[in-house]
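A.B. asks: Each residue of the sequence shown is one higher than the one before, counting from 737 in the working numbering.
Cβ coordinates follow ideal geometry from the N, Cα and C atoms, glycine included.
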Amino acid sequence: MKASNYVILLFILLGLSCKRKAEPFDETSGPVFYAKGFAGNEAINIEAGVNSYYLETDHAIDANRIHEFTGNFKQTCPKCKHSLKVRIRDYHQANGSGFFADSSLVNKDYDYKLNGFSNIPFYTIKLTAIPEGESGLKSHLWEFSDGSTSTKNTLIKTFLSSTDQQIKYTCNYTNTCSSTLSYHVRLNPFLNPVDLPDFKAEKIDSAQIIYQLTAVGDAKNTYLWNMGNGQRLKGKSVFYGFDSSGVFTVSLTRISENDTGEVSKNISVGNVPDCKANFIKELIPFEDPLNLSTVDVEWTNEAGELFTSAGVKQSFYNQFKVLESLGHKTNAGGQPTTLIKLLINCKVSNGSRIIELKNVEAKMAVAHP
């Protein structure tokens, strides 16, 4: 007997405990949970309470604060290897919008998990220019590592990956002063994307050639300075005297436990037009909070071969679809539950071959807050 795709998934949420011991669902009362359909050319017919099948559930929080809810059809016999497991990953907490499990289970399609998180819009940032200058502002220019540009004062930018990113803003004034603020960072979607490296520059002499440069951030981070003239310094706060007047591009590299980022600013030294490029960064919540979860399916056949949908590119027609949902009584652990009916179509792979889980209809219960 082969198994299929999504089957029973009990969200065990006990506060914010990082791990709860897996436990069987009490299938002795209430409706029968099942999965039926096809794995390749073989029929799937799983039913909790029949042929020693039972439903095991689990809940965990990984190092990136992603909540993972797991449901697993297994058999009680020691030598039985056949199983069908479903995982749902919830990204609300990781993206700073508070924890709301994507378990309202409205009738909708859910995305399958690809490698990395390439099918999830990680975050959106609102950028507002606040330049400072001694004369009239003439123009703005925003430049990004994806090649896009903008001349607006305020714009909203969505970053779709956690690869290296550049955010560059330049302001131009009527007195020919031009200033650029540039960030080159690996924006991690599981950290605060508006917490970019930064520093303050303060003139401390009458000739305006000596500066105190102070990095913004934790003292335990490593701070490396490039003064724009070949000189390099290290430390959270440094003093530096420039040899001549002019505009210098000073760069700061911040190395923390979680990431490395660089910020560059133009510093006006001596009797030259002075202006400063600056902007405000605001994190924008996801516009579609119901699209913050991904799912993957693991199917182990009777020979012990593990097939998974994780990382397998799915076609447009492959789907994990909630067809119906209905409130239900509390489970054996005391949590309220919802009965859901699913339709599952997806590809799964054991690393060397791919099979299709086709038209798998599953009925399961999920616990929720």
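What runs of the beta strand (DSSP E), each 3 residues or longer, lie entirely inside the stretch 936 to 979?
C.D. replies: 946 to 952, 958 to 962, 968 to 970 and 973 to 977
A.B. asks: Report yes or no: do the stretch 807 to 822 and the stretch 1031 to 1038 share at least 3 C-beta pairs separated by less than 8 Å?
C.D. replies: yes
A.B. asks: Can the beta-carbon of Ile1090 be found less than 8 Å from the beta-carbon of Val1096?
C.D. replies: Counting from 1 along the sequence shown, the entry for residue 1090 is found at position 354. Counting from 1 along the sequence shown, the entry for residue 1096 is found at position 360. Cβ distance not < 8 Å, so Ile1090 and Val1096 don't count as in contact.
A.B. asks: What residue ranges within the stretch 1025 to 1062 form continuous beta strand (DSSP E) runs of no fewer than 3 residues, ordered along the chain?
C.D. replies: 1029 to 1036 and 1042 to 1044
A.B. asks: Indicate whether Asn957 and Ile991 have their beta-carbon atoms separated by less than 8 Å.
C.D. replies: In the sequence shown, residue 957 corresponds to position 221, counting from 1. In the sequence shown, residue 991 corresponds to position 255, counting from 1. Yes, the pair counts as a contact, with Cβ atoms nearer than the cut-off.
A.B. asks: His876 bridges to which residues according to DSSP?
C.D. replies: Reading the sequence shown from its first residue, position 140 is the one you call residue 876. DSSP lists Cys907 as partners of His876.
A.B. asks: In terms of residue numbering, what span does the beta strand (DSSP E) encompassing Val1005 cover?
C.D. replies: Walking along the sequence shown from the start, residue 1005 turns up at place 269. Run containing Val1005: Thr996 to Val1005, per the beta strand (DSSP E) assignment.
A.B. asks: Locate the beta strand (DSSP E) running through Ile780, then write down its first and last residues.
C.D. replies: As a working note, residue 780 is residue 44 in the sequence shown. Counting along the chain, the beta strand (DSSP E) containing Ile780 begins and ends at Glu778 to Glu783.
A.B. asks: Measuring CA to CA, which of Phe774, Phe1015 and Cys1082 is closest to Gly1047?
C.D. replies: As a position in the sequence shown, residue 1047 is number 311, starting the count at 1. Ranking the options by Cα distance to Gly1047, first place goes to Cys1082.
A.B. asks: Please identify the residue among Asn965, Thr916 and Gly971 whose C-alpha is closest to the C-alpha of Thr950.
C.D. replies: Residue mapping note: residue 950 aligns to position 214 of the sequence shown, counting from 1. The candidate whose alpha carbon is nearest that of Thr950 is Gly971.
A.B. asks: Between the alpha carbons of Lys862 and Lys874, how many angstroms are there, rounded?
C.D. replies: Your numbering for residue 862 matches position 126 in the sequence shown. Your numbering for residue 874 matches position 138 in the sequence shown. Each residue's alpha carbon lies about 22 Å from the other.
A.B. asks: Rounded to a whole number of angstroms, what is the C-alpha to C-alpha distance between Lys1017 and Ser918?
C.D. replies: What you label residue 1017 is simply residue 281 of the sequence shown in a count that begins at 1. What you label residue 918 is simply residue 182 of the sequence shown in a count that begins at 1. Between Lys1017 and Ser918, the C-alpha separation is close to 13 Å.
A.B. asks: Are the beta-carbon atoms belonging to Gly1107 and Val921 less than 8 Å from one another?
C.D. replies: Nothing about residue 1107 can be reported from this structure: the residues present for the chain run from 737 to 1105 only.
A.B. asks: Using CA coordinates, which residue listed in Thr906, Gln811, Gly977 and Gln901 is at the minimum distance from Ser942?
C.D. replies: Here residue 942 corresponds to residue number 206 of the sequence shown, with the count starting at 1. The shortest Cα separation from Ser942 among Thr906, Gln811, Gly977 and Gln901 belongs to Gly977.
A.B. asks: Going by C-alpha distance, which of Glu993, Met963 and Ser973 is nearest Ser980?
C.D. replies: In the sequence shown, residue 980 corresponds to position 244, counting from 1. With distances taken between Cα atoms, Ser980 lies closest to Met963.
A.B. asks: With DSSP as the reference, label Leu917 as helix, strand or coil.
C.D. replies: The residue you call residue 917 lines up with position 181 of the sequence shown. It is a strand residue.
A.B. asks: Locate the beta strand (DSSP E) running through Arg1089, then write down its first and last residues.
C.D. replies: Residue numbering aside, residue 1089 sits at position 353 when the sequence shown is read from its first letter. Counting along the chain, Arg1089 falls outside any beta strand (DSSP E), and DSSP gives it neither H nor E.
A.B. asks: Can you give me the C-alpha to C-alpha distance between Phe747 and Asn1086, rounded to a whole angstrom?
C.D. replies: If you number the sequence shown from 1, residue 747 lands on position 11. If you number the sequence shown from 1, residue 1086 lands on position 350. Residue confidence is low: Phe747 scores 31 on pLDDT, short of 50, so the model does not pin down where it sits. Its coordinate-derived value is still stated next. If you take the alpha carbons of Phe747 and Asn1086, they lie about 27 Å apart.
A.B. asks: To the nearest whole angstrom, what separates the beta carbons of Phe805 and Ile824, a pair I think is in contact under 8 Å?
C.D. replies: The residue labelled residue 805 in the question sits at position 69 within the sequence shown. The residue labelled residue 824 in the question sits at position 88 within the sequence shown. The pair is a contact, with the Cβ atoms about 5 Å apart (cut-off 8 Å).
A.B. asks: Grab the span of the beta strand (DSSP E) containing Ala771 for me, first residue to last.
C.D. replies: Here residue 771 corresponds to residue number 35 of the sequence shown, with the count starting at 1. Looking at the DSSP string, the run of the beta strand (DSSP E) that includes Ala771 is Tyr770 to Ala775.
A.B. asks: Distance, Cα to Cα, Thr985 vs Asn889?
C.D. replies: Here the question's residue 985 lines up with position 249 in the sequence shown. Here the question's residue 889 lines up with position 153 in the sequence shown. Cα-Cα distance, rounded: 23 Å.
A.B. asks: Beta-carbon separation of Glu792 and Lys1012 under 8 Å?
C.D. replies: Looking up residue 792 in the sequence shown gives position 56. Looking up residue 1012 in the sequence shown gives position 276. It is not a contact, given that the beta carbons lie outside the stated cut-off.
A.B. asks: I need the straight-line Cα distance from Ser973 to Phe1015, nearest angstrom please.
C.D. replies: Position 237 of the sequence shown, counted from the start, is the residue given in the question as residue 973. Position 279 of the sequence shown, counted from the start, is the residue given in the question as residue 1015. Rounded to whole angstroms, Ser973 to Phe1015 spans 22 Å at the Cα level.
A.B. asks: So, at 6 Å on beta carbons, what are the nonlocal neighbours of Ala865 in its own chain, with the 5 sequence-adjacent residues on each side left out?
C.D. replies: Position 129 of the sequence shown holds residue 865. Excluding positions up to five away in sequence, the list reads His876, Asn889 and Phe1015.
A.B. asks: Going by Cα to Cα distance, which pick from Thr812, Gly773, Asn808 and Ala779 is closest to Ser788?
C.D. replies: The residue you call residue 788 lines up with position 52 of the sequence shown. Comparing alpha-carbon positions, the option among Thr812, Gly773, Asn808 and Ala779 lying closest to Ser788 turns out to be Thr812.
A.B. asks: Answer with buried or exposed for Thr885, where buried requires no fewer than 16 other C-beta atoms within 10 angstroms of its C-beta.
C.D. replies: As a first step, residue 885 is located in the sequence shown; it is residue number 149 there, counting from the start. Taking all protein chains in view, the Cβ of Thr885 is surrounded by fewer than 16 other Cβ atoms within 10 Å, so the residue is classified as exposed.
A.B. asks: With a 10 Å radius around its C-beta and 16 neighbouring C-beta atoms as the bar for buried, classify Gly773 as buried or exposed.
C.D. replies: Counted from its first residue, the sequence shown places residue 773 at position 37. By the neighbour-count rule (16 or more Cβ atoms within 10 Å), Gly773 is buried.
A.B. asks: Rounded to the nearest angstrom, what separates Ser1045 and Tyr848 at their Cα positions?
C.D. replies: The residue you call residue 1045 lines up with position 309 of the sequence shown. The residue you call residue 848 lines up with position 112 of the sequence shown. One C-alpha to the other measures close to 8 Å.
A.B. asks: Count the other CB atoms within 10 Å of the CB of Leu1059; is the residue buried (16 or more) or exposed (fewer)?
C.D. replies: Position 323 of the sequence shown, counting from 1, holds the residue named residue 1059. Answer is exposed; the Cβ neighbour count stays below 16.
A.B. asks: By how many angstroms is the C-alpha of Glu1092 removed from the C-alpha of Lys1001?
C.D. replies: The residue you call residue 1001 lines up with position 265 of the sequence shown. The residue you call residue 1092 lines up with position 356 of the sequence shown. Looking at the two C-alpha atoms, the distance is approximately 54 Å.
A.B. asks: In the DSSP assignment, what are the bridge partners of Ser819?
C.D. replies: Within the sequence shown, numbered from 1, the residue matching residue 819 stands at position 83. Paired residue(s): Thr1036.
A.B. asks: Round the Cβ separation of Phe769 and Lys1099 to the nearest angstrom and send it over; I've been treating them as touching at under 8 Å.
C.D. replies: Here residue 769 refers to the residue found at position 33 when the sequence shown is read from its first residue. Here residue 1099 refers to the residue found at position 363 when the sequence shown is read from its first residue. That belief holds up - the Cβ atoms of Phe769 and Lys1099 are roughly 6 Å apart, short of 8 Å.
A.B. asks: With distances taken between CB atoms, is the gap from Leu988 to Phe935 smaller than 8 Å?
C.D. replies: Looking up residue 988 in the sequence shown gives position 252. Looking up residue 935 in the sequence shown gives position 199. Yes, they are a contact pair.
A.B. asks: Would DSSP call Asp932 helix, strand or coil?
C.D. replies: As a first step, residue 932 is located in the sequence shown; it is residue number 196 there, counting from the start. The residue asked about is misnamed: residue 932 is Leu in this sequence, not Asp. In the three-state DSSP reduction, Leu932 falls in the coil class, being neither helix nor strand.
A.B. asks: Does Asn889 come out as helix, strand or coil in the three-state DSSP assignment?
C.D. replies: Taking the first residue of the sequence shown as 1, we reach residue 889 at position 153. Coil.
A.B. asks: From Asp900 to Thr1066, what does the alpha carbon distance come to, in whole angstroms?
C.D. replies: Against the sequence shown, residue 900 aligns to sequence position 164. Against the sequence shown, residue 1066 aligns to sequence position 330. Computed Cα separation, rounded: 46 Å.
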